[in-house]
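This note's numbering numbers the first residue of the sequence shown as 25 and each following residue consecutively. Heads up, the beta-carbon is just placed ideally off N, CA and C, and yes, glycines get one too. A quick write-up on the structure given underneath.
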Amino acid sequence: MKKKVAFVCVHNSCRSQMAEGWAKALGSEVLEVYSAGTEDYPEVKAGAVEVMEEIGISMKEHYPKLLADIPEDIDILITMGCNVSCPYVPCKHQEDWGLEDPSGGPIEGFRTTRDLIKEKVENLIDRVKKGVI
């Protein structure tokens, strides 16, 4: 049975979207993947889309979603490093990845964040497969 995981940040426009992309690409056999934000935002950041395209993951169909848009019965909640207090979402397991938002910076910052997220998603998938979470 797949675990429902939600990646959450403020705008759901960059880090949480990249995490959703990685988790769907690498962990679809064990994860049902969602992402959301706590505040409305018009679009996914172009830098995030660009750096994911570089490694073959398309996010052209991705759009920012709010917490109300994801299921209520989440197993794993991952917050990306909130600049404000992180949202409360009922779940079985929660962790904060504490990632800096690369928005507004050079494209290399998006690449660094993308690669850090990949490592964290791979670790998450490994822990789910081992039954640790």
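Residue i, buried or exposed, once every other Cβ within 10 Å from all chains shown has been counted against 16
{"i": "MET25", "result": "exposed"}
{"i": "ILE131", "result": "exposed"}
{"i": "ALA70", "result": "exposed"}
{"i": "GLU44", "result": "buried"}
{"i": "LYS79", "result": "In the sequence on display, residue 79 carries Ile and not Lys. The residue is exposed, with fewer than 16 neighbouring Cβ atoms inside 10 Å."}
{"i": "LYS154", "result": "exposed"}
{"i": "SER59", "result": "buried"}
{"i": "ASN147", "result": "exposed"}
{"i": "GLY156", "result": "Here the sequence assigns Val to residue 156, which means Gly is not the residue at that position. It is exposed - the Cβ of VAL156 has fewer than 16 other Cβ atoms within 10 Å."}
DSSP three-state assignment for residue i, whether helix, strand or coil
{"i": "SER59", "result": "strand"}
For residue i, the first and last residue of its enclosing beta strand (DSSP E)
{"i": "LYS144", "result": "Per DSSP, LYS144 belongs to no beta strand (DSSP E); it is in the alpha helix (DSSP H), 131 to 153."}
{"i": "ALA30", "result": "27 to 33"}
{"i": "LEU50", "result": "Where LEU50 is concerned, there is no enclosing beta strand (DSSP E), although the alpha helix (DSSP H) it sits in stretches over 39 to 51."}
{"i": "LEU101", "result": "100 to 103"}
Extent of the continuous alpha helix (DSSP H) run through residue i
{"i": "SER124", "result": "The residue asked about is misnamed: residue 124 is Glu in this sequence, not Ser. From DSSP, GLU124 is part of no alpha helix (DSSP H); its letter is neither H nor E."}
{"i": "GLY80", "result": "Note, GLY80: premise wrong, no alpha helix (DSSP H); not H, not E."}
Neighbourhood of residue i by C-beta, 6 Å cutoff - its chain only, sequence neighbours within 5 removed
{"i": "SER127", "result": "CYS38, LYS69"}
{"i": "VAL73", "result": "MET83"}
{"i": "ASP122", "result": "A quick correction: the sequence has Gly, not Asp, at residue 122. Cβ neighbours of GLY122 beyond the five flanking positions: GLY105."}
{"i": "ILE81", "result": "GLY45, ALA49"}
{"i": "LYS89", "result": "ASN36, ALA60"}
Cut-off 7 Å between Cβ atoms - residues of its own chain near residue i, not counting five sequence neighbours on either side
{"i": "LYS142", "result": "TRP46"}
{"i": "ASP125", "result": "CYS38, ARG39"}
{"i": "VAL57", "result": "VAL29, GLU44, ALA47, LYS48"}
Beta-ladder partner(s) of residue i, from DSSP
{"i": "LEU90", "result": "GLY61"}
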